[in-house]
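Residue numbers (the working numbering): 100 to 324. C-beta atoms are modelled at their ideal positions from N, C-alpha and C, and glycine is treated no differently.
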Amino acid sequence: MSLSDRAVAPDTRLPARAWRAAEASLLFVVAPIVHVAFFDILGVFAPLAVVTAAGVLLLAITPGWRWRELVAVSSLRGHGRLILGFTVVAAGVIFALVFALIPYRLFGLPRHMPETWALVMVFYPLVSVLGQELLFRPLFFRRYGDLFAGPVTLVLANAGVFSLTHAFYQNWIALTLTFLGGLIFAEVYRRSRSFPLVFVLHTLAGQLIFTSGLGVYFYHGAIPQ
Numbered sequence: 100m101s102l103s104d105r106a107v108a109p110d111t112r113l114p115a116r117a118w119r120a121a122e123a124s125l126l127f128v129v130a131p132i133v134h135v136a137f138f139d140i141l142g143v144f145a146p147l148a149v150v151t152a153a154g155v156l157l158l159a160i161t162p163g164w165r166w167r168e169l170v171a172v173s174s175l176r177g178h179g180r181l182i183l184g185f186t187v188v189a190a191g192v193i194f195a196l197v198f199a200l201i202p203y204r205l206f207g208l209p210r211h212m213p214e215t216w217a218l219v220m221v222f223y224p225l226v227s228v229l230g231q232e233l234l235f236r237p238l239f240f241r242r243y244g245d246l247f248a249g250p251v252t253l254v255l256a257n258a259g260v261f262s263l264t265h266a267f268y269q270n271w272i273a274l275t276l277t278f279l280g281g282l283i284f285a286e287v288y289r290r291s292r293s294f295p296l297v298f299v300l301h302t303l304a305g306q307l308i309f310t311s312g313l314g315v316y317f318y319h320g321a322i323p324q
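As structure tokens, this is what we get:
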């Protein structure tokens, strides 16, 4: 199936398009811009927590959404090659960037702060990935998907706002990797509608980033000189 095979069918139970367009604009465009503009006042976590809470509430009232989809592990069946291929390619890109840009930080976190690294490996999926994937995949596709002309526009828009929400890191590595990752996660979710699958892919990408040393680009204000 190609990227342009299928558009998201509108659900007549959803609120009016104009209302949902306003919701999406506030949640996925205005909020990240405000976060960047007022970062010194707002900090990292409070804006993300507010946006995540709002997104979860909107998802809860979105027709057709069922919370059991979060744990539909059967949807992972048949995707082993995709997961393995993604891991190999992501590792290649991530480690190539480390060697090219910051070779002295290779495996910096596990080498110098192994306890912190272990905590990141365990809690990053729950604290960061879970909320992001809820908002950018099920919520975005189910509540706002029909606002876009077709699948190509939908996937590009999803990747764009996924990257934008990482703009407070203020570096091109974070923006570029999250855009590319967003393209993959969005298209995988569009095709499979499997939350566990995109959760696993996102988790693997993040764990590779924080293990390799590239995670320094995902700490605000910690860009290597």
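Please identify the residue among Phe185, Trp216 and Arg210 whose C-alpha is closest to the C-alpha of Ile283. Phe185
8 angstroms contact criterion, which Gly259 and Phe239 should meet: CB distance rounded: In fact, because the Cβ distance is near 11 angstroms, the residues do not count as touching under 8 angstroms.
Straight-line gap, Ser173 to Ser291 (C-alpha atoms, nearest Å): 12 angstroms
Quick check on Ile347: does DSSP put it in helix, strand or coil? The shown model of the chain, from 100 to 324, leaves out residue 347, and the question about it has no answer.
For Gly305, I'd like the list of residues in its chain whose CB is within less than 6 angstroms of its CB, leaving aside the five on either flank, ordered along the chain. Tyr223
Going by CA-CA distance only, name the one from Gly179, Phe261 and Leu208 that's closest to Leu57. Residue coverage of the chain in this structure runs from 100 to 324, which leaves residue 57 outside it and unanswerable.
Leu229 by DSSP, collapsed to three states: which one? helix
What is the DSSP secondary structure of Ile171, counted as helix, strand or coil? Checking the displayed sequence, the identity of residue 171 turns out to be Ala instead of Ile. Coil at Ala171, not helix or strand.
Is it buried or exposed for Phe309, if we count other Cβ within 10 angstroms and need 16 for buried? buried
Cα-Cα separation between Arg105 and Pro250, rounded to whole angstroms: At Arg105 the pLDDT is 46, less than 50, meaning the model places this residue with poor confidence; the figure from the coordinates comes in the next sentence. Using only the alpha carbons, I get a separation of about 6 angstroms.
Should Gln306 be listed as close to the ligand MN, given that the test is whether its C-beta is under 7 angstroms from any heavy atom? This structure does not include the ligand MN; it has no bound ligands of any sort.
Apply the 10 Å Cβ neighbour rule to His211 and answer buried if 16 or more other Cβ atoms are within range, or exposed otherwise. exposed
Would you mind giving the Cβ-Cβ distance between Gly311 and Ile193, rounded to the nearest angstrom? I have them listed as a contact below 8 angstroms. Going by the sequence as given, residue 311 is Ser instead of Gly. About 5 angstroms separates the two Cβ atoms, so the contact holds.
Thinking C-beta only, is Ala248 closer than 8 angstroms to Val135? no
Specify the secondary structure class of Trp166 as computed by DSSP and reduced to three states. helix
What is the DSSP secondary structure of Asp104, reduced to helix, strand or coil? The predicted model places Asp104 with a pLDDT of 46, which falls under 50 and marks its position as unreliable; any figure quoted below should be read in that light. Three-state result, Asp104: coil.
Could you give the DSSP three-state label for Val143: helix, strand or coil? coil
If distances are taken between C-alpha atoms only, which option among Leu313, Leu263 and Gly280 comes closest to Phe298? Gly280
At the level of alpha carbons, what is the spacing between Thr161 and Ala195? 41 angstroms
Count the other C-beta atoms from every protein chain shown that fall within 10 angstroms of the C-beta of Gly179, then say buried if there are 16 or more, exposed otherwise. exposed
If I measure Cβ to Cβ from Arg171 and keep anything under 8 angstroms in the same chain, skipping five residues before and after, which residues do I get? The sequence given here has Ala at residue 171, not Arg. Contacts found: Ser293, Phe294 and Pro295.
Taking DSSP as the reference, what is the three-state secondary structure of Thr161? coil
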